Amino acid sequence: MKYTSKKLSRKSKSKPFYVKIFLPMIFLTLIQFFTFFTVLMFGGEFSYIKKYAYNMLVEKTENRKNYVENVLLQKTALVDETSSEINDITDSILKENNLTIDDLSKNKDLSKQILSESADTLIYLLRRNMVNDAFIILDTGDLYSQDDSVLKAGLYFRDLDTSENDINNNSDLLMEMGNSEIAHNLGIALDYEWSLHLNIPKGNESNFEFYLDTIKNAQNSENFQAYKYGYWTQFSKISDSAQPSMKYTVPLTLDDGTVYGVLGIGLMEKLIIKNIPSNDFLNDAACYIIGFDKKNNGEYSIVMHSGAAFGRLVDEDTVISKKNKIQPDIYNFNPQSEIESVGNIQEMNIYTSASPYKNQKWALIAVAEKSKVLNIYTTLIKLFVISSVISMVFSTICAVIINRSITKPVARMIGTLSERTVKSGFSKKISKIICFESSGIDEVDELGKAIENLQINVIEQSSRVSRIISMVDMGIGIFMYNDIENNVFVSESLIKLFKISDVTAEDKIVSFDDFREFVKTVDKKDEVCSNEIFSHNYDTSNGENISIEILFTNSKNKTARWFKFNLMRDKSNVIGLVQDITKIVIEKKKIEYERDYDITTGLLNRRAYYNKIDEMFANPRALKVSAFIMWDLDNLKYVNDT
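Quick note, the sequence shown lines up with residues 98 to 739 if you use the working numbering.
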């Protein structure tokens, strides 16, 4: 029983109805959100989507690499084929003139004849292969060399626009280097920085690796096979003002394996860019880079690039390597930068396994901004969050609609009940039963019926109490003050007790101010209603009752009446019991008079005398200096005392 009483005494905190609906709906939405999120997270869907986003970059790069690789291999195949033709021409010239290849470093006419007869073949290579450069450089030793530079005989043709090929007209070609007589015979113009020979400055051979390395590696090989020694080099130029090109060279050899020069082609940057367009990626999200790892240390130097995004994605701190791997085939090239650059490296197989250059890696590299690569992933996350927010908003709207549909009839009931709020005066009756309209909700209608039945019971109980008090005829009236609603229930018996003619004798609920005016008809000094027990801050812990006696004198007939107010505070209510104690007071005064006064003489007796004396001397300060005089009226005191 103790447990039950404690349990019943606990009160849950009151909350609005819409909160009761809204919170469970939001809670349900959050459960769905986290359930879905957990399934996606631990089921691996998020990681799959991220992998898919990265794989799109990998697949695009791989497809583009295959295309570029195929283009380069096609062009190298034609160079290998043409080198055989040049070798045949050279061999034929040597036999025709009864010379050896050693005469190439002694006989200027020999080099001129080889170049002259090879010119058409070289132009055919340029046209057919659709490249920018085609050249032959002969190893003429020191035949043309000077003190500060090495000069080599050769031919170097350039086609700035490979899309326009006219096999019958060479006017679109330029001679960068070679004999001007050959250019004149072929109808080819000399470039503005034309030179007769290939000029290799001593100490500055970096632009001429395409020739020097090819010759050197071929001559130093023991088991030399020309087709294995095809060599790709980075962008270089044969003169200071010439436009650079990426070159592929093969050694020119005789049947006995003697190397006497190189044959090569050149690809300018604009031609290569056509094969690696940046529009593979939307919104300049990425760029292509052709990288070269000459030292085979895993770091690629940038040979060229395409795409406007390059300047944003690649800076001086960018390292193109496979060190910072974040996903399969995806690497972080610039982890310290504000814009994180990630990408894929696709190595191009442009050398055979037998090539001495197989350890020099060429690669097509796609570099992209990480946030844009994962755009599909982040978009999915955003859509997931947005859908969750929409679900919450929808739940809120549903909660509001449900709240309004349910609380509207309840609010109507509250409004109807609020109309019972007491108006000024004692004109409001409580005997009227408030009836409610049908709400269309069974539970609310049942609540309305329960309130109606409760009203009937309350009215019956209150009228029953009033009738019982009236039947007893003890001059009793009751009232109850509600501190929360600031109104007072006044019983019918209390109105009859005060005998106020202009107030109908029936149970009423009035405002506290009206009740105060009502009580002032007998309590002129307002001792009752001004008592602190009616205060909001009254301490109810002492549990004491307050009793106040009021003397009321009727101004019309001068009759006096005594009323006793017994007040008790119970939490937010003040219960008052009012008694007419006029008869009791009169009887009490009569008894006191008969006790203290002599019936015969009407004078105080000895007991009253002593009581009076004790009362006076109980407060010496009020008595101060006094005199006591006694008269004996003909021994009346003695007679009276005996």
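Backbone N, C-alpha and C define an ideal beta-carbon position, used for all residues, glycine too.
No experiment lies behind these values; they were computed from the predicted model shown.
Inset, instruction - Please classify Phe-725: does DSSP put it in a helix, a strand, or coil? - result: Counting from one through the sequence shown, the residue named residue 725 turns up at place 628. The answer is coil: DSSP assigns Phe-725 none of H, G, I, E or B.
Legend entry - Proximity to Tyr-357 [Cα-Cα], best of Ile-233, Val-587, Asn-320: Within the sequence shown, residue 357 is the residue found at index 260, counting from 1. Of the listed residues, the one whose Cα sits closest to Tyr-357 is Ile-233.
Legend entry - Three-state secondary structure assigned by DSSP to Gly-408: Working through the sequence shown from its first residue, we reach residue 408 at position 311. If DSSP states are grouped into helix, strand and coil, Gly-408 belongs with the helices.
Inset, instruction - Give the straight-line distance between the Cα atoms of Val-482 and Ala-547, rounded to the nearest whole angstrom. - result: Locating residue 482 in the sequence shown gives position 385, where the first residue counts as 1. Locating residue 547 in the sequence shown gives position 450, where the first residue counts as 1. Taking the straight line from one Cα to the other gives about 47 Å.
Legend entry - Simplified DSSP assignment, three categories, for Cys-532: Working through the sequence shown from its first residue, we reach residue 532 at position 435. In the structure shown, Cys-532 sits in coil (DSSP, three-state: anything other than H, G, I, E or B).
Inset, instruction - Taking 8 Å as the threshold, find out whether the stretch 177-194 comes into contact with the stretch 463-478 through three or more Cβ pairs. - result: no
Inset, instruction - For the alpha helix (DSSP H) holding Leu-713, just list the boundary residues, first then last. - result: The residue given as residue 713 occupies position 616 in the sequence shown. In the sequence as displayed, the identity of residue 713 is Met instead of Leu. Segment 703-714, the alpha helix (DSSP H) holding Met-713.
Inset, instruction - Count the other C-beta atoms from every protein chain shown that fall within 10 angstroms of the C-beta of Trp-728, then say buried if there are 16 or more, exposed otherwise. - result: For the purposes of this step, residue 728 is taken as residue 631 along the sequence shown, with counting starting at 1. Exposed, since its Cβ has fewer than 16 Cβ neighbours within 10 Å.
Inset, instruction - Give, in chain order, every unbroken run of the alpha helix (DSSP H) that is at least 4 residues long and sits entirely within the stretch 678-702. - result: 679-693
Legend entry - Alpha-carbon spacing of Asn-226 relative to Lys-172, whole angstroms: Sequence index remark: in the sequence shown, residue 226 carries index 129 (1-based). Sequence index remark: in the sequence shown, residue 172 carries index 75 (1-based). Each residue's alpha carbon lies about 6 Å from the other.
Inset, instruction - Could you check how far apart the C-beta atoms of Met-577 and Ile-672 are, in whole angstroms? I think they sit under 8 Å. - result: Working through the sequence shown from its first residue, we reach residue 577 at position 480. Working through the sequence shown from its first residue, we reach residue 672 at position 575. Yes, they are in contact, since the Cβ atoms of Met-577 and Ile-672 sit about 5 Å apart, within 8 Å.
Legend entry - Candidates Asn-583, Asn-584, Ser-608, Phe-612: closest to Ile-592 by CA position: Within the sequence shown, residue 592 is the residue found at index 495, counting from 1. Ile-592 has its Cα closest to that of Phe-612, out of Asn-583, Asn-584, Ser-608, Phe-612.
Legend entry - For Asp-288 and Asn-195, the rounded distance between their alpha carbons: Position 98 of the sequence shown, counted from the start, is the residue given in the question as residue 195. Position 191 of the sequence shown, counted from the start, is the residue given in the question as residue 288. Using only the alpha carbons, I get a separation of about 35 Å.
Legend entry - beta strand (DSSP E) segment containing Val-416, residue limits: If you number the sequence shown from 1, residue 416 lands on position 319. That residue, Val-416, is in no beta strand (DSSP E); it is neither H nor E in DSSP.
Legend entry - Straight-line Cα distance separating Glu-166 from Ile-312: Counting from 1 along the sequence shown, the entry for residue 312 is found at position 215. Counting from 1 along the sequence shown, the entry for residue 166 is found at position 69. Each residue's Cα considered, the two are about 25 Å apart.
Inset, instruction - Within its chain, find whatever has a CB closer than 6 Å to the CB of Glu-159; leave out the 5 residues flanking it on each side and keep chain order. - result: The count along the sequence shown starts at 1 and reaches residue 159 at position 62. Correct list, in chain order: Gln-443.
Legend entry - Own chain residues within Cβ distance below 7 Å of Val-541, not counting five before or after: Numbered from its first residue, the sequence shown carries residue 541 at position 444. Around Val-541: Pro-506, Val-507.
Legend entry - Helix, strand or coil at Leu-210 [DSSP, three-state]: As a working mapping, residue 210 is identified with position 113 in the sequence shown. Contrary to the premise, residue 210 reads as Gln rather than Leu in this sequence. Residue state, collapsed to three classes: helix.
Inset, instruction - Indicate whether Tyr-345 and Thr-330 have their beta-carbon atoms separated by less than 9 Å. - result: Mapped onto the sequence shown, residue 345 falls at position 248. Mapped onto the sequence shown, residue 330 falls at position 233. Yes, the pair counts as a contact, with Cβ atoms nearer than the cut-off.
Inset, instruction - Compute the Euclidean distance between the alpha carbons of Met-489 and Leu-544, then round it to the nearest angstrom. - result: Mapped onto the sequence shown, residue 489 falls at position 392. Mapped onto the sequence shown, residue 544 falls at position 447. Cα to Cα, Met-489 sits roughly 32 Å from Leu-544.
Legend entry - Extent of the continuous beta strand (DSSP E) to which Ser-338 belongs: One-based indexing of the sequence shown puts residue 338 at position 241. No beta strand (DSSP E) contains Ser-338, which DSSP labels as neither H nor E.
Inset, instruction - Would you decide whether Val-116 is buried or exposed? Buried here means 16 or more other CB atoms lie within 10 Å of its CB. - result: In the sequence shown, the residue the question calls residue 116 occupies position 19. Val-116 should be labelled exposed.
Inset, instruction - Out of Ile-190, Asn-456, Asp-200, Leu-222, point me to the one whose CA is closest to Asp-236's CA. - result: As a first step, residue 236 must be located in the sequence shown, where it is residue number 139. For the residues Ile-190, Asn-456, Asp-200, Leu-222, the minimum Cα distance to Asp-236 belongs to Asp-200.
Legend entry - Beta-carbon gap between Glu-366 and Ser-338 smaller than 9 Å: Residue 366 sits at position 269 when you count from the first residue of the sequence shown. Residue 338 sits at position 241 when you count from the first residue of the sequence shown. For Glu-366 and Ser-338, no; Cβs fall outside 9 Å.
Legend entry - Pick from Ser-652, Ile-710, Ile-499 that is closest to Pro-121, judged by C-alpha positions: On the sequence shown, residue 121 is found 24 positions in, with the first residue counted as 1. Selected option, being the one with the closest Cα: Ile-499.
Inset, instruction - Pick out whichever of Ala-496, Met-665, Ile-211, Thr-513 has its Cα sitting closest to the Cα of Ser-638. - result: Translated into the one-based positions of the sequence shown, residue 638 becomes position 541. Checking every option, the nearest Cα to that of Ser-638 belongs to Met-665.
Legend entry - Terminal residues of the beta strand (DSSP E) in which Ser-403 lies: The count along the sequence shown starts at 1 and reaches residue 403 at position 306. Looking at the DSSP string, the run of the beta strand (DSSP E) that includes Ser-403 is 398-403.
Inset, instruction - Consider the C-beta atom of Ser-333 and the heavy atoms of the ligand FMN; say whether any pair is separated by less than 8 Å. - result: For the ligand FMN, the structure offers nothing, since it holds no ligand at all.
Legend entry - First through last residue of the beta strand (DSSP E) which encompasses Lys-458: Looking up residue 458 in the sequence shown gives position 361. 458-466 is the span of the beta strand (DSSP E), which, as asked, contains Lys-458.
Legend entry - Distance between Lys-668 and Ile-606 (C-alpha atoms, nearest Å): Within the sequence shown, residue 606 is the residue found at index 509, counting from 1. Within the sequence shown, residue 668 is the residue found at index 571, counting from 1. Roughly 19 Å between the two C-alpha positions.
Legend entry - Spatial distance of Ser-189 from Lys-419 (CA atoms): Residue 189 sits at position 92 when you count from the first residue of the sequence shown. Residue 419 sits at position 322 when you count from the first residue of the sequence shown. Their Cα atoms are separated by approximately 51 Å.
Legend entry - Test item: CB-CB of Val-682 and Ile-647 under 9 Å: Here the question's residue 682 lines up with position 585 in the sequence shown. Here the question's residue 647 lines up with position 550 in the sequence shown. No. Outside cutoff.
Inset, instruction - For Tyr-151, count neighbouring Cβ atoms within 10 angstroms of its own Cβ and tell me buried if that reaches 16, exposed if not. - result: The sequence position of residue 151 within the sequence shown is 54, counting from 1. Label assigned to Tyr-151: buried.
Legend entry - Collapsed DSSP secondary structure at Lys-313 in the structure displayed: Locating residue 313 in the sequence shown gives position 216, where the first residue counts as 1. The answer is helix: DSSP assigns Lys-313 an H, G or I state.
Legend entry - Nearest-angstrom Cα separation, counted from Ile-285 out to Lys-69: In this structure the chain extends from 98 to 739, so residue 69 is not present and cannot be described.
Legend entry - Under 9 Å between C-beta atoms of Ala-250 and Lys-203: To locate residue 250, count along the sequence shown from 1; it is residue 153. To locate residue 203, count along the sequence shown from 1; it is residue 106. Result no, Cβ atoms of Ala-250 and Lys-203 do not sit closer than 9 Å.
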